[in-house]
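Structure first, then comments.
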Amino acid sequence: MEENKEKEIFCLQYELKTLSEIVFKDEAERWVYGFMHKITEEEHLDRYNFVLDKVKNKRVLDIACGSGYGSFLLATKGNAEKVVGVDLDEEAIKYGEYKYPHEKIKRIVADATKFHDSELFDVIVSFETIEHVPDYNLLLENYSNLLKPDGVLFISTPITKETTKTPHNPYHVIEWSFFDFQSLINEWFMIKEVYLQNVVIQLKQWEVPSLLKKFKNRIFGDKNIYEIEGGKFELFSEQYDMRKCIRGYQMVVLSK
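All letters in the sequence shown, in the order written, are residues 1 to 256 by full-length UniProt numbering.
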């Protein structure tokens with residue numbers, strides 16, 4: 001009984017810490033299920049839901065697993081054979097152990113750029129991770145070392161119009177333009193598919209193609225400028241001029 005109280009108190013403190021980050025910084029460093037802005041919560045859930053049908057009976061690495069709900073989804077709804085969740089933050093790992101325990105999940109406190117395991121992984125998921133890591137090339141090299149020869153890596157990251165090392169999010173050290181990130185990834189992996197998540201394309205009025213009229217157009221500021229909003233997850237097939245993407249996310253599906 002006393003142990004359960006200690007766990008409840010710890011979890012409450014961790015959740016309050018997350019809420020304070022959102023109040024004072026408008027961003028939380030890690031996703032804590034049920035304690036984020038509605039749109040942020042939906043975006044995180046959509047990423048994990050996207051891979052659930054691709055992890056059945058697979059050995060999965062969830063890098064930067066945070067507070068652990070995503071790993072729980074991979075083990076339960078995704079029916080993965082084994083999920084290894086890795087995060088640098090000891091409290092996040094502890095929260096996941098308390099809140100979302102599961103026999104298929106092993107959680108480890110480790111640096112994603114240095115983590116090693118005795119067995120390679122069929123699937124690696126790395127959602128909203130790489131933009132937090134100063135030595136992102138070292139991270140990609142480690143992913144390559146951890147992935148089976150026929151394995152699949154899923155990486156998601158924000159899109160900005162121009163690559164910047166001073167992004168708005170205080171927890172990010174860099175954010176890439178769509179094509180700059182593609183170039184970086186191509187140095188390490190083969191890109192199988194690219195998906196777009198909630199992208200916003202900024203166009204002049206005369207640039208809006210008729211076939212995209214079905215998307216919600218919103219006039220702002222200059223009446224000759226439009227924002228075209230994409231869907232939750234779209235396979236990228238050059239349907240947009242991504243040089244004009246001002247926000248959103250990309251999910252790249254990679255192989256060695």
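Glycine included, C-beta positions come from ideal geometry on N, C-alpha and C. Small disclaimer: the values here were computed from a predicted structure and weren't measured.
Residue burial classification, residue i (beta-carbon count within 10 angstroms, cutoff 16)
| i | result |
| --- | --- |
| Gly70 | buried |
| Lys99 | buried |
| Asn142 | buried |
| Phe220 | Only weak support is given to the placement of Phe220: the predicted model assigns it a pLDDT of 44, under 50, and the question is left unresolved by the model. |
| Gln197 | buried |
| Gln250 | buried |
| Val252 | buried |
| Glu241 | Here residue 241 turns out to be Asp, not Glu, going by the sequence shown. When all chains shown are included, Asp241 counts as exposed. |
| Ile243 | In the sequence under discussion, the amino acid at residue 243 is Arg, which differs from the Ile named in the question. Counting Cβ neighbours within 10 Å, Arg243 comes out exposed, since fewer than 16 surround it. |
| Thr18 | buried |
| Ile159 | buried |
| Gly151 | buried |
| Glu8 | exposed |
Backbone CA spacing between residue i and residue j [nearest angstrom]
| i | j | result |
| --- | --- | --- |
| Ser118 | Asn145 | 11 Å |
| residue 260 | Thr157 | No statement about residue 260 is possible, as the shown extent of the chain runs from 1 to 256 and does not include it. |
| Leu73 | Ile124 | 14 Å |
| Tyr33 | Ser67 | 8 Å |
| Ala110 | Cys245 | 34 Å |
| Asn186 | Phe179 | 10 Å |
| Asp89 | Ala28 | 13 Å |
| Met36 | Leu184 | 30 Å |
| Glu41 | Phe127 | 13 Å |
| Asn169 | Lys104 | 33 Å |
| Arg247 | Lys38 | 17 Å |
| Glu97 | Leu16 | 18 Å |
| Tyr48 | Phe181 | 21 Å |
Enclosing beta strand (DSSP E) for residue i [first to last residue]
| i | result |
| --- | --- |
| Phe154 | 147-158 |
| Phe127 | 121-127 |
| Leu52 | Note, Leu52: premise wrong, no beta strand (DSSP E); not H, not E. |
| Asp62 | 59-63 |
| Ser255 | 245-255 |
| Lys82 | 82-87 |
Contact set for residue i: own chain, Cβ-Cβ below 7 Å, skip 5 residues either direction
| i | result |
| --- | --- |
| Pro134 | Val173 |
| Lys148 | Leu120, Phe121, Asp122 |
| Leu139 | Ala112, Thr113, Ile130, Val133 |
| Leu12 | none |
Residue j beta carbon less than 8 Å from that of residue i
| i | j | result |
| --- | --- | --- |
| Glu81 | Lys58 | yes |
| Phe10 | Lys106 | no |
| Asp62 | Gly85 | yes |
| Phe189 | Ser237 | no |
| Val83 | Val60 | yes |
| Asp46 | Cys65 | no |
| Glu91 | Tyr171 | no |
| Glu227 | Gln202 | yes |
| Thr76 | His102 | yes |
Cutoff 6 Å; reference residue i; Cβ partners in own chain excluding five residues on either side
| i | result |
| --- | --- |
| Trp176 | Thr163 |
| Ile108 | Val86 |
| Glu232 | Per the sequence presented here, residue 232 reads as Lys, with Glu not at that position. Correct list, in chain order: Asp46. |
| Val55 | Leu74, Gly78, Ala80, Val123 |
| Tyr136 | Ile130 |
Residues near residue i by beta carbon distance below 8 Å, same chain, minus five either side
| i | result |
| --- | --- |
| residue 259 | Look at the range of the chain in this structure, 1 to 256, and you will see that residue 259 is not part of it. |
| Glu43 | Gln197, Asn198, Tyr249 |
First and last residue of the uninterrupted alpha helix (DSSP H) at residue i
| i | result |
| --- | --- |
| Gly34 | Run containing Gly34: none; DSSP gives neither H nor E here. |
| Asp180 | 178-186 |
| Lys106 | Per DSSP, Lys106 belongs to no alpha helix (DSSP H); it is in the beta strand (DSSP E), 105-109. |
| Thr76 | 69-76 |
| Lys99 | 90-99 |
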